[in-house]
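To keep things clear, I will list the structure first and then write my remarks on it.
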Ligand SMILES: NC(=O)c1ccc[n+]([C@@H]2O[C@H](COP(=O)([O-])OP(=O)(O)OC[C@H]3O[C@@H](n4cnc5c(N)ncnc54)[C@H](O)[C@@H]3O)[C@@H](O)[C@H]2O)c1
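Residue numbers (full-length UniProt numbering): 1 to 328.
So this is what it looks like as structure tokens:
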């Protein structure tokens, strides 16, 4: 198996090292030639033109680590050549575009996975395993807190939900195994935030999920206080107990007694690349496939609508129609 890596920015360079280590790298595409210096003396072909790379390189799949507004263009070019794609989150900043590219991959039976890595953190996997084993009974409500100060140079305008909250919304679906039904949200720039045109640094959201589950979400990347991990801190209330995932540690609370869960054994610790390769070999849909991840993107989309209208919004979960298009 060989891959074309597209995008050699900060996340792209991590992918570069990962693909190189596993002997999977065929070529690199990056529009900014200055980025080539990151490759040192490595012999891999480097292109500034995606078309030229696709024309001249034998590859089985493409890894898309470009800026989010470029994702669809790159994914579509790969699909034109019948290549499978492993793409960084989000599918696209544009929800309609996300639906169209997911529908295309499904229609043409092209493997398309979003590299959602937060689900694969060991303490997240363990918490999910405990929930599934009934450690807290049925989930009733979730409380998610995400606080960081993250003011960095990037080539696109930062948006707390599209850029980072999408991970948390995906975890919400992962932990509960349920889809969102309604959402209320306020997306805004806090008083202590910095000035950046179009940037949205903070979010509050209240989400209802199937089965009467509720979630309260608060997030900011302009926090001056103690930071949470990137995955946030989670309080998951159940009918028989609660789980708290705090600073990457898990606490199981039953009868008001908290026990720290130290043993993380027995979980699937594979990363997104391993999952993608396994799905190709086994001819099955991957975890966080485009079709699945679109339901996470739906939560982000309806949060935007709710914030813009100031109204609670019903969430229409996207599904493939018989004519090969997406609903909602
Ligand atoms: N999963 C995670 O935890 C995580 C963390 C950081 C970033 N990301 C994601 O990774 C992606 C890249 O983020 P980043 O922080 O590396 O951004 P970045 O701006 O540092 O890098 C993006 C790179 O893509 C290049 N590029 C843009 N259009 C291109 C094209 N058509 N062909 C080739 N190269 C092109 C740019 O020149 C740039 O070097 C984003 O989708 C982001 O959301 C994911």
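Cβ atoms here follow ideal geometry from the backbone N, Cα and C, with glycine treated the same way.
Check: What would DSSP say about residue 206, mapped onto helix, strand or coil?; Outcome: strand
Check: Given 6 Å as the limit, tell me if residue 233 has its C-beta closer than that to any heavy atom belonging to ligand 1.; Outcome: no
Check: Say the cut is 6 Å; is the CB of residue 28 nearer than that to a heavy atom of ligand 1?; Outcome: no
Check: With respect to the beta strand (DSSP E) encompassing residue 143, which residues constitute its N-terminal and C-terminal limits?; Outcome: 139-147
Check: Thinking residue 91 and residue 293 are a contact (beta carbons under 8 Å), I'd like their distance in whole angstroms, please.; Outcome: 6 Å
Check: Taking only the alpha-carbon atoms, compute the straight-line gap between residue 280 and residue 105 and give it to the nearest angstrom.; Outcome: 14 Å
Check: Between residue 6 and residue 64, how many whole angstroms is the CB-CB distance? I'm expecting something under 8 Å.; Outcome: 5 Å
Check: My understanding is that residue 259 touches residue 252, with C-beta atoms under 8 Å, so please give their C-beta distance in whole angstroms.; Outcome: 5 Å
Check: Quick test of the definition: if touching needs 3 or more C-beta pairs under 8 Å, does the segment 206-223 touch the segment 165-177?; Outcome: yes
Check: Suppose only complete runs of 3+ residues qualify. What are the beta strand (DSSP E) ranges in the segment 190-261, listed by chain order?; Outcome: 202-209, 213-220, 233-238, 242-246, 249-254, 257-261
Check: Per DSSP, residue 46 is paired with what?; Outcome: 28
Check: With 16 as the cutoff for other CB atoms within 10 Å, does residue 15 come out buried or exposed?; Outcome: buried
Check: Is there at least one non-hydrogen atom of ligand 1 closer than 6 Å to the beta-carbon of residue 173?; Outcome: no
Check: Taking the continuous beta strand (DSSP E) assigned at residue 181, which residues delimit it?; Outcome: 180-188
Check: Is the beta carbon of residue 213 less than 7 Å from the beta carbon of residue 176?; Outcome: yes
Check: Any idea if residue 17 is buried or exposed, counting beta-carbon neighbours within 10 angstroms, 16 or more meaning buried?; Outcome: exposed
Check: Could you tell me the boundaries of the alpha helix (DSSP H) in which residue 303 lies?; Outcome: 290-309
Check: Taking the alpha carbon of residue 2 as the point to measure from, which residue in 26, 85, 12 has its own alpha carbon closest?; Outcome: 26
Check: Strictly by DSSP, which residues pair up with residue 159?; Outcome: 200
Check: In the DSSP assignment, find the unbroken alpha helix (DSSP H) run with residue 172 in it and report its ends.; Outcome: 166-176
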